[in-house]
Amino acid sequence: KNQVEQSPQSLIILEGKNCTLQCNYTVSPFSNLRWYKQDTGRGPVSLTIMTFSENTKSNGRYTATLDADTKQSSLHITASQLSDSASYICVVIGSYNTDKLIFGTGTRLQVFP
Amino acid sequence: DTAVSQTPKYLVTQMGNDKSIKCEQNLGHDTMYWYKQDSKKFLKIMFSYNNKELIINETVPNRFSPKSPDKAHLNLHINSLELGDSAVYFCATTESGDGNYGYTFGSGTRLTVV
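Residue numbers (the working numbering), protein chains in the order written: chain E, 1 to 113; chain Z, 1001 to 1114.
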């Protein structure tokens, strides 16, 4: 079982709607949690970085939340745009192995007009 | 000017061949990585180098050999390619491999072994 699990695996929404992606992790203790966006044929690009003491972090229409007690994080996308179509990956860095990213399974988001 | 550039972007080769993928960064970062993304889009670390020194070597077959001629380059050489090596390989860099900084990824090299 992967240390970072995401749901749903894929999601289709209409342009302008909001959506929330989920991430559950078992990495413990952890240093920080990140959300990345990966467009097709491109490398992942960082959206947010949260340490274990932070509950929420925003980047434009993207808002990430973190509950370190339940080991859950979510990424909320507001007023979705066609360009939001991509894979969203939750990434955790553990405290003991701070030099490697542990990637989640990703959520494939498609925004339709 | 691309911060992390990988070449080639696409590579199609036959089983048994030896091939190399190159990565160059102009960010002045100390740590460079190779990640492999499989058909299920799952990314997993292969190697990391800090200032030309190998730091991480995950359970990767020894047919894969990273080489860092200088701090700005980390190349990946693969011997005796197998069908299962088909994947997208990403190079990444960070200022310091202590987990506190952002990572910059290259745009990937799609390797197809036929």
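For each residue, glycine too, the CB sits at the ideal point set by N, CA and C.
Span of the beta strand (DSSP E), counted from its first residue to its last, around residue i
{"i": "Q9 of chain E", "result": "Premise fails: Q9 of chain E is in no beta strand (DSSP E) and is neither H nor E."}
{"i": "G94 of chain E", "result": "86 to 94"}
{"i": "N32 of chain E", "result": "30 to 38"}
{"i": "Y62 of chain E", "result": "62 to 67"}
{"i": "S1005 of chain Z", "result": "1004 to 1007"}
{"i": "D1038 of chain Z", "result": "Run containing D1038 of chain Z: none; DSSP gives neither H nor E here."}
Cβ of residue i within 8 Å of any chain Z Cβ
{"i": "P44 of chain E", "result": "yes"}
{"i": "K100 of chain E", "result": "yes"}
{"i": "I93 of chain E", "result": "yes"}
{"i": "N24 of chain E", "result": "no"}
Nearest-angstrom beta carbon gap, residue j and residue i [assumed within contact, 8 Å]
{"i": "T98 of chain E", "j": "D1098 of chain Z", "result": "5 Å"}
{"i": "W1034 of chain Z", "j": "L1083 of chain Z", "result": "20 Å between Cβ atoms; not a contact."}
{"i": "R61 of chain E", "j": "T78 of chain E", "result": "5 Å"}
{"i": "I93 of chain E", "j": "G1102 of chain Z", "result": "With a Cβ gap of about 11 Å, I93 of chain E and G1102 of chain Z do not count as contacting."}
{"i": "T1109 of chain Z", "j": "I1021 of chain Z", "result": "5 Å"}
Beta-bridge pairing of residue i - partner residues as DSSP gives them
{"i": "N1057 of chain Z", "result": "Z:F1047"}
{"i": "M50 of chain E", "result": "E:L33"}
{"i": "V1088 of chain Z", "result": "Z:Q1037, Z:R1110"}
Short CB-CB distance (under 8 Å) between residue i and chain E
{"i": "D1030 of chain Z", "result": "no"}
{"i": "K1067 of chain Z", "result": "no"}
{"i": "D1085 of chain Z", "result": "no"}
{"i": "G1106 of chain Z", "result": "yes"}
{"i": "Y1103 of chain Z", "result": "yes"}
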